[in-house]
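Q: Numbering (mature numbering (1 follows the signal peptide of the UniProt record, and there is no 0)), first residue to last: -20 to -1, 1 to 959.
Note that the Cβ used here is the ideal one computed from N, Cα and C, for glycine as well.
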């Protein structure tokens, strides 16, 4: 699509007979042919004309040649002729040879020469005929009809040329001759200069011209224009922006005046210095802090200068059986910062010459002693009858760079009694199938008589789900009733009259299998045999017999376990290395059912209790219910069913999702509990016999959940959701799995607001809109969520998943708004190709919108990796102040990669409201005086609320559309159009 800029044509004149001051001096052949006759034009100005009218004589061949004309820089020139011509029928007694046309010729030459005229050296340009001719009556009334004809000459390769006019028997008056060429004139656009440019001879090709930025400006995207054959500038691309310290004013970049600054390049205005900062110079990029105020290293130049916080107040302590609780009040003066935290320093004081020393590593702080956000901390493992001094410091981001000492409060604490310190080393003495014998060291500081020990233990595989405990008077214990060949985690703590101490470090031990019990029995038999060797010869023989038998049995089991381990490392042609997990495509299996049984656990259908139907999938119903796991309580699950009458292909496609999900194990990926693939007649009345059982996600899909709770969450909660999704996608990317359909509708939310990636089947209708769907057989793609290279070339990768993740971010921050609103899929594709990107939703922090724009880089290698996204969001969560700057609060228009798309021009505010489906507010806008699109673009969120838009979702849609309209009108005005 060519965009025509409204620049005037700029011809360069090489010859104009109407402007000549003296005689033209053109040559006539023969001499009695063309005559030079002075005339007066309609403005009574003298002009030079050449006339010929030898119509009464036959065989006319009269030539008129101009002087040598320099072509200058032109490759193609234009000849404009103005002439009159008499109608042959109006001439009495005229011979039959009278003509009403003449011929135009040219000859190239590097210089003027006086050689003899040779007709064959000239090349014909065209035969010139008159549109209007005059008669004898016209001569009487002096009404002569002037004709104007223009012809192209070129390409011209030599330095100049001659023009020649041939008369073959006409009555002509050549009134004026003008020779010129076209060029695209020197111009300014978007703070860039473009020089005079000569078009190419080929009218179908354009000349690309790179612009140069004006003084104090820099390239944002390389500025380009294309020079067309008619001297028009076409297809503007790129732009320049004013550099740091300069702002755009009247098409130039002017320095920021004292007291103002501009820290970033771009078309934004200079800003007034933030509080407690100043600048006395022009063109300042940053304002310096006043005395006593500072900026942290990571503080942006837009942030006010701040100072360290004052001292904490009202420090108190409380000692219970095993912990010392310190509490305090925040400082009166936070220094103007929100990153306030506290450090607690402990010193142990005695009566010797060295009165105080650091407390050492034995004493512990919960949760920690540095970087505390809350105004309290628990101290454990302290000693009895000891004097402690605690210093509580208030710190912020500028505490380290200020010359002032950190502000702290002091409190002295004397402990009369204390709980026991940590248990020392825990060891395993022996283990059998169902028992483990433990022993441990007593605490280094018992702080009293130890009454007993508590041993807490649980299966490592089910950590944090439940645990058991037992007590022992001694520093050893035998734990019975354990599962064989199972790894357990043990922690031990001691109890005195002051209470329990803290648990020891975790110790992991494994129970034995059957062979370990046999080995234990063998050892006992050997001890007895050795003690009675002299008197129990027969017993020794029997014992040796059992020993040999046991060893053979042990060898056989060990061999079987080794073989099983080998099989698991090399199955189905896929090598699996310990500690390394890689996704295996189920389609690579010759028998798809083999993949299902390898990666998914078969569940006895009698353990499933169906409760209700909660939805319908492509293959059948989706139910909720309960799953009974042996030895544990029931858990809620969701059951996907395969409807009756299915074909083998449908069954294979249905179970393919289970083959995929069964390979994943991550807290942000929906967990597969197992599958039911065996028909049981008794179970048919409950649900279909082929089922996929997954964990139950109480809050359903993320998009509908957000729409239902519009505006109910804080920004940090939304960032937490996004972090969970990114973590799950990082896991999939690390395994080499490409999701291809990452969208908010395919994210499920549980009761704790944990978001989990789901929908790995790639074989269902995504929406009611058929344009937004695709099937396993290929073809259709979810356009609004898919990267450009995947749409154009079906190149799916983790980078295309990152693009989709950026769309999910936009969905989350807009509370489930439809991406690209009511635009058609074709408009979405064209807009993205032209560089358009979704604007930030209302209330979206600038930091998050920048991350979205990074995810939407056109070059997929430039997009961030999921590892980088997770790391970035972790930093944002640890530093919530980075979320305080909203996009709509930033000066200027939001930056967008590439040029904005060409949306239809809205004629009125009503048209615009109709296009975004907000026509119910037409009267509100009219009554408030917003009757033009220009006025609408200046509206803020407060204006939208003031005119009566109370629904948060409607506010968000209107504000987002205003941002898009503002950007669109800005681009239109840049190009010279007016709305």
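Starting from the C-beta of residue 671, find all residues in its chain whose C-beta is less than 6 Å away, skip the five residues before and the five after it, and write them out in chain order.
A: Along the chain shown, read from residue 1 onward, the residue named residue 671 stands at position 691. Closer than 6 Å at the Cβ level, and outside the excluded window around residue 671, lie 619, 621 and 656.
Q: Run through the segment 776 to 850 for me and flag every whole alpha helix (DSSP H) of 4 or more residues, listed as ranges in chain order.
A: As far as the segment 776 to 850 is concerned, its whole alpha helix (DSSP H) runs of at least 4 residues are 778 to 793, 805 to 813 and 826 to 835.
Q: Could you have a look at residue 456 and say whether DSSP puts it in helix, strand or coil?
A: In the chain shown, residue 456 corresponds to position 476, counting from 1. Three-state DSSP puts residue 456 in a strand.
Q: So, do the segment 195 to 206 and the segment 163 to 182 have three or more beta carbon pairs nearer to each other than 8 Å?
A: Yes, they touch.
Q: Going by the DSSP bridge assignment, what does residue 173 pair with across the sheet?
A: Along the chain shown, one-based indexing puts residue 173 at 193. Looking at the DSSP assignment, residue 173 forms a beta bridge with 168 and 192.
Q: Using the C-alpha atoms, what's the distance from residue 693 back to residue 577?
A: In the chain shown, counting from the first residue as 1, residue 577 sits at position 597. In the chain shown, counting from the first residue as 1, residue 693 sits at position 713. Approximately 42 Å, taken between the alpha carbons.
Q: Indicate the three-state DSSP secondary structure (helix, strand or coil) for residue 961 in the structure shown.
A: Coverage of the chain is limited to positions -20 through 959, which leaves residue 961 absent and any answer about it impossible.
Q: Is DSSP giving residue 773 helix, strand or coil here?
A: Numbered from 1 along the chain shown, position 793 holds the residue referred to as residue 773. In the structure shown, residue 773 sits in a helix (DSSP, three-state: H, G or I).
Q: Go through its chain and collect everything with a Cβ distance to residue 335's Cβ below 7 Å, but skip five positions before and after it.
A: Counting from one through the chain shown, the residue named residue 335 turns up at place 355. 329.
Q: Please list, in chain order, all residues of the same chain as residue 654 whose beta carbon is under 7 Å from its beta carbon, the five residues on each side excluded.
A: Here residue 654 is taken as the residue at index 674 of the chain shown, counted from 1. Closer than 7 Å at the Cβ level, and outside the excluded window around residue 654, lie 580, 581, 582, 583 and 673.
Q: Quick one: is residue 390 buried, meaning 16 or more other Cβ sit within 10 Å of its Cβ, or exposed?
A: Position 410 of the chain shown, counting from 1, holds the residue named residue 390. Exposed: under 16 other Cβ atoms inside 10 Å.
Q: Does DSSP classify residue 304 as helix, strand or coil?
A: By 1-based counting over the chain shown, the position of residue 304 is 324. If DSSP states are grouped into helix, strand and coil, residue 304 belongs with the strands.
Q: Return the bridge partner residues of residue 479 from the DSSP annotation.
A: The residue labelled residue 479 in the question sits at position 499 within the chain shown. 476, per the DSSP bridge assignment.
Q: Assign residue 565 to one of three DSSP states: helix, strand, or coil.
A: Here residue 565 corresponds to residue number 585 of the chain shown, with the count starting at 1. Here residue 565 sits in coil by DSSP.
Q: Please report how far the alpha carbon of residue 945 lies from the alpha carbon of residue 913, in whole angstroms.
A: As a working mapping, residue 945 is identified with position 965 in the chain shown. As a working mapping, residue 913 is identified with position 933 in the chain shown. Computed Cα separation, rounded: 8 Å.
Q: Closest to residue 776 by C-alpha separation, out of 788, 789 and 762, would be which residue?
A: Counted from its first residue, the chain shown places residue 776 at position 796. Cα-wise, what sits closest to residue 776 is 762.
Q: Shorter than 8 Å from the beta carbon of residue 64 to some beta carbon of chain B?
A: This model lacks chain B altogether; it includes just one protein chain.
Q: Decide if the segment 834 to 847 is in contact with the segment 929 to 938; the criterion is three or more beta carbon pairs, one per stretch, under 8 Å apart.
A: Result no; under three Cβ-Cβ pairs closer than 8 Å.
Q: For the alpha helix (DSSP H) containing residue 137, list its first residue and its last residue.
A: In the chain shown, the residue the question calls residue 137 occupies position 157. Here residue 137 belongs to no alpha helix (DSSP H), and DSSP marks it neither H nor E.
Q: Take the Cβ of residue 963 as the centre, count every other Cβ of all protein chains shown within 10 Å, and call the residue buried at 16 or more, exposed below.
A: In the structure as shown, the chain begins at -20 and stops at 959. Residue 963 is therefore absent and cannot be evaluated.
Q: If you compare alpha carbons, which of 149, 425 and 142 is closest to residue 77?
A: As a working note, residue 77 is residue 97 in the chain shown. The option with the nearest alpha carbon to residue 77 is 149.
Q: Where does residue 614 fall in DSSP's three states?
A: Residue numbering aside, residue 614 sits at position 634 when the chain shown is read from its first letter. Residue 614 falls in the coil class under three-state DSSP.
Q: For the beta strand (DSSP E) that residue 708 lies in, which residues bound it at each end?
A: Locating residue 708 in the chain shown gives position 728, where the first residue counts as 1. From DSSP, residue 708 is part of no beta strand (DSSP E) but of the alpha helix (DSSP H) over 695 to 714.
Q: Please classify residue 228: is it buried, with 16 or more other beta-carbons within 10 angstroms of its beta-carbon, or exposed?
A: One-based indexing of the chain shown puts residue 228 at position 248. Buried, because 16 or more other Cβ atoms sit within 10 Å of the Cβ of residue 228.
Q: Report yes or no: do three or more beta-carbon pairs, one from the segment 138 to 149 and one from the segment 38 to 51, lie closer than 8 Å?
A: The segment 138 to 149, when compared against the segment 38 to 51, does touch it at the 8 Å Cβ threshold.
Q: Could you have a look at residue 10 and say whether DSSP puts it in helix, strand or coil?
A: The sequence position of residue 10 within the chain shown is 30, counting from 1. In this structure, residue 10 counts as coil in the three-state DSSP scheme.
Q: What residue range is occupied by the uninterrupted beta strand (DSSP E) comprising residue 64?
A: For the purposes of this step, residue 64 is identified with residue 84 of the chain shown, where counting begins at 1. It spans 57 to 65 - the beta strand (DSSP E) in which residue 64 sits, taken as one unbroken run.
Q: Do the CB positions of residue 307 and residue 350 come within less than 8 Å of each other?
A: Counting from one through the chain shown, the residue named residue 307 turns up at place 327. Counting from one through the chain shown, the residue named residue 350 turns up at place 370. Contact: no.
Q: For residue 68, which three-state DSSP category applies?
A: Counted from its first residue, the chain shown places residue 68 at position 88. Residue 68: helix per DSSP, three-state reduction.
Q: Would you call residue 427 buried or exposed, if buried means 16 or more other Cβ atoms sit within 10 Å of its Cβ?
A: Counting from one through the chain shown, the residue named residue 427 turns up at place 447. Buried, by the Cβ-count rule.
Q: Taking the continuous beta strand (DSSP E) assigned at residue 395, which residues delimit it?
A: The count along the chain shown starts at 1 and reaches residue 395 at position 415. Its beta strand (DSSP E) spans residues 387 to 395.
Q: For residue 127, which of 8, 138 and 80 has the nearest alpha-carbon?
A: Numbered from its first residue, the chain shown carries residue 127 at position 147. Per the Cα distances, 80.
Q: Look at the alpha carbon of residue 417 and the alpha carbon of residue 278, and state the distance between them as a whole number of angstroms.
A: On the chain shown, residue 417 is found 437 positions in, with the first residue counted as 1. On the chain shown, residue 278 is found 298 positions in, with the first residue counted as 1. For residue 417 and residue 278, the distance between alpha carbons rounds to 54 Å.
Q: Distance, Cα to Cα, residue 989 vs residue 193?
A: Nothing about residue 989 can be reported from this structure: the residues present for the chain run from -20 to 959 only.
Q: Nearest by alpha-carbon distance to residue 422: which of 613, 785, 281 and 456 is it?
A: For the purposes of this step, residue 422 is identified with residue 442 of the chain shown, where counting begins at 1. It is 456.
Q: Would residue 56 be called buried (16 or more neighbouring beta carbons within 10 Å of its own) or exposed?
A: Position 76 of the chain shown, counted from the first residue, corresponds to residue 56. When all chains shown are included, residue 56 counts as buried.
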